[in-house]
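Numbering (this note's numbering), first residue to last: 9 to 142. Notes for the one structure printed next.
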(Lines of atoms letter the chains of each structure in order from A and count residues from 1; the text may use other names and numbers.)
(Lines give C-alpha, C1' and ligand atoms only; values in the text may rest on other atoms or scores of the structure.)
Protein backbone atom coordinates (compact mmCIF):
# COMPACT_ATOMS: atom_id res chain seq x y z
CA UNK A 1 0.00 0.00 0.00
CA UNK A 2 0.84 3.66 -0.14
CA UNK A 3 3.58 4.69 2.29
CA UNK A 4 4.89 1.16 2.79
CA UNK A 5 8.57 0.29 2.40
CA UNK A 6 9.92 -3.12 1.38
CA UNK A 7 12.88 -4.32 3.45
CA UNK A 8 14.91 -7.52 3.46
CA UNK A 9 13.32 -9.02 0.33
CA UNK A 10 14.35 -12.59 -0.48
CA UNK A 11 13.48 -15.46 -2.84
CA UNK A 12 13.94 -19.12 -1.89
CA UNK A 13 13.38 -22.42 -3.65
CA UNK A 14 11.23 -24.48 -1.28
CA UNK A 15 10.16 -27.55 -3.31
CA UNK A 16 11.27 -29.39 -6.43
CA UNK A 17 14.76 -29.77 -7.90
CA UNK A 18 16.21 -26.83 -5.93
CA UNK A 19 19.87 -27.88 -6.41
CA UNK A 20 19.37 -27.53 -10.18
CA UNK A 21 17.76 -24.10 -9.96
CA UNK A 22 19.44 -20.72 -9.95
CA UNK A 23 17.66 -17.58 -8.79
CA UNK A 24 18.72 -14.22 -10.15
CA UNK A 25 17.21 -11.28 -8.36
CA UNK A 26 17.56 -7.58 -7.83
CA UNK A 27 15.79 -7.15 -4.53
CA UNK A 28 17.85 -4.30 -3.12
CA UNK A 29 15.66 -1.50 -4.44
CA UNK A 30 13.17 0.07 -2.06
CA UNK A 31 10.64 0.09 -4.91
CA UNK A 32 7.26 -1.53 -4.69
CA UNK A 33 8.11 -3.99 -7.49
CA UNK A 34 10.47 -6.94 -6.99
CA UNK A 35 12.28 -8.58 -9.93
CA UNK A 36 13.46 -12.20 -9.78
CA UNK A 37 14.14 -14.92 -12.37
CA UNK A 38 14.43 -18.66 -11.81
CA UNK A 39 16.68 -20.35 -14.37
CA UNK A 40 17.44 -23.92 -15.37
CA UNK A 41 14.82 -25.98 -13.65
CA UNK A 42 13.76 -29.22 -15.27
CA UNK A 43 10.62 -30.00 -13.32
CA UNK A 44 7.92 -28.24 -11.33
CA UNK A 45 9.59 -26.07 -8.71
CA UNK A 46 8.06 -23.91 -5.98
CA UNK A 47 9.55 -20.60 -4.91
CA UNK A 48 8.80 -18.43 -1.92
CA UNK A 49 9.09 -14.64 -2.11
CA UNK A 50 9.32 -12.94 1.28
CA UNK A 51 9.83 -9.37 2.44
CA UNK A 52 9.30 -7.24 5.50
CA UNK A 53 6.82 -4.44 4.88
CA UNK A 54 7.34 -1.38 7.07
CA UNK A 55 4.93 1.51 7.40
CA UNK A 56 6.30 4.41 9.41
CA UNK A 57 3.91 6.77 11.15
CA UNK A 58 4.50 9.74 13.39
CA UNK A 59 2.37 9.94 16.47
CA UNK A 60 2.49 10.98 20.08
CA UNK A 61 3.05 8.15 22.46
CA UNK A 62 4.14 7.53 25.99
CA UNK A 63 7.13 5.26 26.39
CA UNK A 64 8.32 3.91 29.67
CA UNK A 65 11.99 3.20 30.07
CA UNK A 66 13.23 1.79 33.33
CA UNK A 67 16.69 3.00 34.33
CA UNK A 68 19.65 0.87 35.25
CA UNK A 69 21.05 2.03 38.59
CA UNK A 70 24.66 1.52 39.64
CA UNK A 71 25.70 3.13 42.92
CA UNK A 72 24.81 6.82 42.69
CA UNK A 73 24.20 6.79 38.94
CA UNK A 74 21.36 5.75 36.67
CA UNK A 75 21.24 5.30 32.91
CA UNK A 76 18.38 4.91 30.48
CA UNK A 77 18.02 4.91 26.71
CA UNK A 78 15.26 6.38 24.55
CA UNK A 79 14.75 6.09 20.78
CA UNK A 80 15.74 9.02 18.60
CA UNK A 81 12.09 9.91 18.02
CA UNK A 82 11.40 10.35 21.73
CA UNK A 83 10.61 13.90 22.79
CA UNK A 84 9.99 15.51 26.17
CA UNK A 85 11.64 12.95 28.46
CA UNK A 86 10.91 13.14 32.16
CA UNK A 87 11.78 11.12 35.25
CA UNK A 88 9.13 9.94 37.68
CA UNK A 89 10.48 9.56 41.21
CA UNK A 90 9.27 9.30 44.76
CA UNK A 91 10.49 12.11 46.98
CA UNK A 92 9.34 12.40 50.62
CA UNK A 93 6.66 9.72 49.98
CA UNK A 94 5.22 11.62 46.99
CA UNK A 95 5.35 10.63 43.32
CA UNK A 96 6.79 13.55 41.37
CA UNK A 97 7.46 13.95 37.63
CA UNK A 98 10.67 15.81 36.77
CA UNK A 99 10.80 16.99 33.12
CA UNK A 100 14.38 16.92 31.83
CA UNK A 101 14.10 19.70 29.26
CA UNK A 102 16.88 20.57 26.80
CA UNK A 103 19.36 21.62 29.51
CA UNK A 104 18.86 18.40 31.57
CA UNK A 105 18.60 20.43 34.80
CA UNK A 106 17.46 18.57 37.90
CA UNK A 107 17.75 19.76 41.50
CA UNK A 108 18.74 16.28 42.72
CA UNK A 109 20.99 14.96 39.93
CA UNK A 110 23.46 15.99 37.25
CA UNK A 111 22.55 14.48 33.88
CA UNK A 112 24.34 14.11 30.56
CA UNK A 113 23.11 13.03 27.14
CA UNK A 114 24.92 11.02 24.45
CA UNK A 115 23.30 10.63 21.00
CA UNK A 116 24.36 7.48 19.11
CA UNK A 117 24.69 7.14 15.33
CA UNK A 118 21.16 5.67 15.12
CA UNK A 119 19.92 8.81 16.94
CA UNK A 120 19.02 6.83 20.09
CA UNK A 121 19.66 8.83 23.25
CA UNK A 122 21.59 7.57 26.29
CA UNK A 123 20.86 9.57 29.43
CA UNK A 124 23.22 9.27 32.42
CA UNK A 125 22.36 10.91 35.74
CA UNK A 126 24.53 11.07 38.87
CA UNK A 127 22.87 11.88 42.20
CA UNK A 128 23.88 15.08 43.94
CA UNK A 129 25.05 14.90 47.58
CA UNK A 130 22.21 14.30 50.04
CA UNK A 131 20.14 12.08 47.69
CA UNK A 132 20.03 8.28 47.51
CA UNK A 133 18.30 5.66 45.38
CA UNK A 134 16.09 3.24 47.28
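Ideal Cβ positions, reconstructed from N, Cα and C, are used throughout, including at glycine.
| Check | Outcome |
| --- | --- |
| What ranges does the beta strand (DSSP E) occupy inside the stretch 92-139, keeping only unbroken runs of at least 3 residues that lie completely in it? | 94-99, 102-107, 117-123 and 129-135 |
| Check this for me: beta carbons of residue 84 and residue 131, under 8 Å apart or not? | yes |
| Just verifying my parser: in three-state terms, what is the DSSP assignment at residue 78? | strand |
| Checking the sheet assignment: what are the DSSP bridge partners for residue 45? | 32 |
| Whose CA, out of 142, 30 and 77, lies closest to the CA of residue 101? | 142 |
| Decide if the stretch 12-20 is in contact with the stretch 49-58; the criterion is three or more beta carbon pairs, one per stretch, under 8 Å apart. | yes |
| Which residue or residues does DSSP assign as beta-bridge partners of residue 21? | 55 |
| Closest by CA to residue 32, which one among 45, 15 and 116? | 45 |
| Check the DSSP bridge columns for residue 85 and list the partner residues they point to. | 130 |
| If you measure between the beta carbons of residue 80 and residue 135, is that distance less than 8 Å? | yes |
| Which term fits residue 95, buried or exposed, when burial requires 16 or more other beta carbons within 10 angstroms of its beta carbon? | buried |
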